[in-house]
Amino acid sequence: MPLKIDYYFAPQSPWTYLGHQRLADIARTAGATVTLLPIDLGKVFPVSGGLPLPQRAPQRQAYRLLELKRFSEWLKLPLNLHPKYFPVSGDAAARLVHAADVQHGTDAAMRLAGATLKAVWADELNINDSPTLLNLVQRCGLPAEVMDAAQAPAVQARYDAATQQAIDAGVFGAPSFVIDGELFWGQDRLDFVERKLQTSTPQ
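Using our numbering, the first residue of the sequence shown is number 195, and each one after it goes up by one.
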């Protein structure tokens with residue numbers, strides 16, 4: 195079996211946005227499979243010591259903006275430090291990615307996840323808005339029916355299960371990657387993800 199990366203993320207996370215395409219490229223080069231696991235950070239933070247952004251100390255909020263600017267410039271990815279629609283709930287987009295994964299496979303779900311992340315941080319779109327999500331679905335070449343599929347109880351159950359799986363794996367922020375039981379937190383740890391894939395043996 196090929197190497198597997200459990201990819202825990204939130205579709206409204208700027209750090210996930212900065213690392214999403216790099217993860218896809220690293221996985222492709224290594225011949226690894228990616229298991230997409232959109233999670234609810236609102237359930238992860240209370241059990242892991244995390245705080246929603248508005249509740250963090252001013253020093254931490256200021257440094258976050260500095261780091262976002264640094265990384266967006268370094269990676270040459272457009273990023274609005276104060277996007278029009280943020281903070282924003284990621285639940286609807288997360289369920290949509292889960293539904294796309296179930297119905298159309300990992301590649302389609304990865305494209306849609308990338309589109310939702312870009313929508314928040316580069317295009318200043320509201321990913322908690324159904325017409326916006328429908329437009330993203332269509333841009334990704336997916337049928338509109340995936341919008342209905344995202345409302346199914348089974349998809350909500352999958353979202354809840356992914357969130358609990360993240361908690362059980364020790365995840366406390368997004369993005370996080372788990373390979374062979376080893377946790378890597380943050381897009382700035384993707385170099386270590388790449389090294390892990392290079393030194394791991396497929397099961």
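We put the beta carbon where it would ideally sit given N, CA and C, even for glycine.
Within a 10 Å sphere around the beta-carbon of D354 sit fewer than 16 other beta-carbons, which makes this residue exposed. The beta carbon of R216 is closer than 6 angstroms to those of L384 in its chain, skipping five residues each way along the sequence. For V291, the enclosing alpha helix (DSSP H) covers residues D285 to H298. Cβ neighbours of G244 within its own chain (closer than 8 angstroms, five residues either side excluded): L235, V238, F366 and G367. In the DSSP assignment, no residue is bridged to L269. Between V349 and A293, the gap from beta carbon to beta carbon is short of 8 angstroms. Under DSSP, V365 takes part in no beta bridge, so it has no partner. In the three-state reduction of the DSSP assignment, S370 falls in the strand class, which pools E and B. Within the DSSP bridge table, the entry for V228 names I199 as partners. Considering only N274, A288, S266 and P252, the residue with the shortest C-alpha distance to A343 is A288.
Between the beta-carbon of P369 and that of V291 there is about 13 angstroms, and that puts the pair past the 8 angstroms contact cut. Taken in chain order, the complete alpha helix (DSSP H) segments of 4 or more residues contained in the region 320-394 are 324-333, 339-343, 347-362 and 384-393. In this structure L197 is not in contact with A218, their Cβ atoms being roughly 14 angstroms apart against a cut-off of 8 angstroms.
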